[in-house]
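In order, the protein sequence lines correspond to chains A and B. For the first sequence, UniProt numbering begins at 1 and goes up steadily by one. For the second sequence, UniProt numbering begins at 1 and goes up steadily by one. Glycine is no exception: its CB is placed at the ideal position from the N, C-alpha and C atoms. Presented below is the structure to which this report refers.
Number of protein chains: 2
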Amino acid sequence: MNLNDLITQTSEWLKGTGAHSDIVISSRIRLARNLIGATFNSRASEEKRNEIISLLRPVIKSTDSLRNSLWIDIDKLSRLDLQFLIERHLISHELAGGEGARAAIISEMETISLMINEEDHLRLQTIQSGLALMDAWRIVNKVEGELADRIGFAFSQEFGYLTACPTNVGTGMRASVMLHLPSLVITRQIEKISQAVAKIGFVVRGFYGEGTEPIGDYFQISNQVTLGQSEEEIISNIEQIIHQIIGHEENARQFLLTRRKKQIEDRVFRAYGTLAYARRIDSNEAIKLLSTLRLGIELDFIKNLDHHILNELLIAIQPAHLQKLNGKALTAVERDIKRAELIRKKIKK
Amino acid sequence: MNLNDLITQTSEWLKGTGAHSDIVISSRIRLARNLIGATFNSRASEEKRNEIISLLRPVIKSTDSLRNSLWIDIDKLSRLDLQFLIERHLISHELAGGEGARAAIISEMETISLMINEEDHLRLQTIQSGLALMDAWRIVNKVEGELADRIGFAFSQEFGYLTACPTNVGTGMRASVMLHLPSLVITRQIEKISQAVAKIGFVVRGFYGEGTEPIGDYFQISNQVTLGQSEEEIISNIEQIIHQIIGHEENARQFLLTRRKKQIEDRVFRAYGTLAYARRIDSNEAIKLLSTLRLGIELDFIKNLDHHILNELLIAIQPAHLQKLNGKALTAVERDIKRAELIRKKIKK
């Protein structure tokens, strides 16, 4: 497998299965780890950074979980390939935009991915379809265990795992869930809910990662606190919140179905009509219409179209994906044309 | 035949044939006539108005052209039926909103229609598909001749035919042509052309008649002057103007095809997508999208859809038509739903 093969496959987490997959797109667990006795990256020389990579490479390849993984030297990639990996949620903006020796390791079906020499020496993540934080935790914990057996991670009895940024100290864990909440947006409850969630220590972001505004009713909720709680407690807390939000979204969907059925039906079918016929469409409009169409599938207005197609499109309509898929650089207008083409092909099936 | 049968038939003039039918929807000739020795309607008593009707009824029924026509006593109609006849371009707002004895006579396929006791004692009109003013003139002239043989029309050697309003004195003729000029609208040339046409004595109106703003790129152009020129001269003058406008629209279409093809194609297919899937749509939006779709047919982006379907829809999506078609009164929201249903059914064929 090489990087270019990824374009022909669909990431496991987009398959649209798992608990509450009508509302929950995916669940993600990320761990931050640093090697014992090695300088943190912020102060490490290029030589030291290279040593980290040299040390980790054989260790990673020797684990059961990552034996057949794809190793990518980030510092050798083109801007397009970097953007492509960011769009697939496999690497961070920070890793892509960094300097010096960096690597990413991607398991088959992209279930697990590692970043070396991002903010920390090592970042491990898994993304699973649906609401599956405990499963995700088990998967990532197994990989972490395999690595910990071979190399030591910096750990303090008092603080837990030591990380470059104090916000990650403790478990080093970030748990996040991607939700599709169109009915809470339509009924204007989302603002209140977002604020309430933020007040009790969770972070609300958009689909396209840190610093992005929510577009198309996709919201990513993650824990702020990593210290003073066990991993299981953090997961249990966030799951409780997620279950509450799911309940609100379900109620709002029921309200729309009983009180505003014709209006929502019209909105859904117009979205379908535009997506099925437009000859050029920008990202922003496409994401919004795909979101409306997904609601239409969940409310059973649209038959014979599975929501995993729409999950896949959320990733595939992005700029680098369109360019990789077409095998060449594309201007913004060309991308709008190719995006419309791809969407038509996928949703008319 | 009775009035309710009209809803199941398509007016002859909507069939989308004839010269330049890619741009010219229809050609209309209307004559105003008054009976010799009878008081003009503006000053006539109800008794006198009744006499006009009694006099004209057997005369009209005795002509070849109108032997099988439908006679409608306008003063006995419901508001819905009045609106229905206005929407079909068979009677005027003025006849519908008038008082006292009034009648409309409609030939088979609605080619010819007469109004009794509108502003003048008699108004005769024919509407033909495409650019066909001379044909229309021949048809209406024949009916006028059949009537003139039986009853005399008020005529002065100096002024010509005498009419209630001085703007009609002379020939009593109004020639008008309904044009579809989307490319002149898109390329922002329409304003300049409208002004130029108005300056040389022609009137520019919308599709839905006197006093209406043009919607959806449909423009009706008619002569202002009825005096001092023969009917053939008036027709020849307006045809010259129409040919010039057709030429401008054709150039603009060519420009769009060569310079803005992708953009127009997208606009056309989005219009199709919305029309083919919307679950509710108001008149204004429907007319605009149908206009864009008609352009798409003429530019050959849309295949297997004839423009006569769109001509028919321009009439059929109006409020009274939707209510007659559904056999009951409908609220505005219900009409929006039925309008969307009708459009979907017609354009998906």
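Q.
I'd like to know whether the C-beta of residue 332 of chain A is nearer than 9 Å to at least one C-beta of chain B.
A. no
When you compare each of B:241, B:219, B:214, B:201 to residue 226 of chain B by their alpha carbons, which one comes out closest?
-> B:201
**Q.** Residues bridged to residue 104 of chain B (per DSSP)
**A.** B:72, B:115
For residue 161 of chain A, write down the residues that DSSP places opposite it in a beta bridge.
-> A:155, A:170
Do you know how far the Cα of residue 63 of chain B is from the Cα of residue 87 of chain B?
27 Å
From this set, B:160, B:17, B:193, B:190, which residue's C-alpha is nearest residue 228 of chain B's C-alpha?
B:160
- Message: Against chain A, does residue 347 of chain B count as a neighbour if the rule is that its beta carbon must be under 9 Å from one of theirs?
- Response: At a cut-off of 9 Å between beta carbons, residue 347 of chain B makes no contact with chain A.
Residue 248 of chain A (DSSP reduced to helix, strand or coil): helix
- Message: Does the CB of residue 287 of chain B have a neighbour CB from chain A at under 9 Å?
- Response: no
- So residue 294 of chain B packs on residue 180 of chain B, CB below 8 Å; how close in whole Å? The pair is a contact, with the Cβ atoms about 6 Å apart (cut-off 8 Å).
Exercise. Does any CB atom of chain A fall closer than 9 Å to the CB of residue 282 of chain B?
Worked result: Judged by the 9 Å Cβ criterion, residue 282 of chain B is not in contact with chain A.
How long is the line joining the alpha carbons of residue 109 of chain B and residue 315 of chain A, rounded to whole angstroms?
56 Å
First and last residue of the alpha helix (DSSP H) that includes residue 140 of chain B? Residue 140 of chain B -> alpha helix (DSSP H) spans 133-150.
Exercise. Under 8 Å Cβ to Cβ from residue 241 of chain A, same chain only, skipping five residues before and after it: list those, please.
Key: 197, 200, 202, 221
* Asked: Quick one: what's got a C-beta closer than 6 Å to residue 15 of chain A's C-beta in the same chain, skipping five residues either side?
  -> Sequence-distant partners of residue 15 of chain A (beyond 5 residues in either direction) whose C-beta falls short of 6 Å from its own C-beta, in its chain, are 129, 308.
- Return the chain-ordered list of same chain residues with a C-beta closer than 7 Å to the C-beta of residue 305 of chain A, the five sequence neighbours on each side being excluded. 297, 347
The segment 90-101 of chain A contacting the segment 111-120 of chain A, beta-carbon criterion three pairs below 8 Å: yes
- prompt: Beta carbon of residue 38 of chain B, beta carbon of residue 51 of chain B: below 9 Å?
  reply: yes
Chain-ordered neighbours of residue 278 of chain A on chain B, where CB pairs are closer than 9 Å:
For the C-beta of residue 278 of chain A, the chain B residues within less than 9 Å are, from N- to C-terminus, 266, 269, 270, 273.
Practice prompt. Compute the beta-carbon to beta-carbon distance between residue 26 of chain A and residue 13 of chain A, rounded to the nearest angstrom, for a pair I have assumed lies under 8 Å.
Written response: 5 Å
| said: Alpha carbons only, please: which of A:6, A:81, A:36, A:41 is nearest the one belonging to residue 69 of chain A? | reply: A:6
Since residue 262 of chain A meets chain B, which of its residues come closer than 7 Å, beta carbon to beta carbon? Here the neighbours are 279, 280, 337.
> Looking at C-alpha atoms only, which residue of A:178, A:249, A:231, A:19 is the closest neighbour of residue 215 of chain A?
Replying inline: A:178
May I ask which residues mark the beginning and end of the alpha helix (DSSP H) holding residue 333 of chain B? 332-347
Neighbourhood of residue 267 of chain A by C-beta, 7 Å cutoff - its chain only, sequence neighbours within 5 removed = Correct list, in chain order: 292.
Quick check for students: name the residue ranges of the alpha helix (DSSP H) that lie wholly in the segment 287-324 of chain B, counting only runs of 4 or more. 307-316
Checklist entry - Could you give the C-beta distance for residue 31 of chain A and residue 144 of chain A, rounded to a whole number, given that I count them as a contact under 8 Å? => result 6 Å
Take residue 205 of chain B as the anchor and find which of B:175, B:153, B:312, B:302 has the nearest alpha-carbon. B:175
Option nearest residue 97 of chain A by Cα separation, candidates A:190, A:77, A:111, A:105: A:77
Cβ contact check for the segment 186-195 of chain A and the segment 163-172 of chain A: 3 or more pairs under 8 Å: no
(message) Relative to the C-alpha of residue 332 of chain A, which candidate in A:183, A:282, A:289 has its C-alpha closest?
(response) A:282
Give me the Cα-Cα distance between residue 54 of chain B and residue 111 of chain B, rounded to the nearest whole angstrom. 24 Å
How about residue 340 of chain B: is its C-beta nearer than 9 Å to some C-beta of chain A?
-> yes
Task: Start-to-end residues for the alpha helix (DSSP H) that takes in residue 28 of chain A - done: First-last for residue 28 of chain A: 24-33, but that is the beta strand (DSSP E), not the alpha helix (DSSP H).
Taking residue 225 of chain B as part of the beta strand (DSSP E), name the residues at either end of that continuous run. Where residue 225 of chain B is concerned, there is no enclosing beta strand (DSSP E), given that its DSSP letter is neither H nor E.
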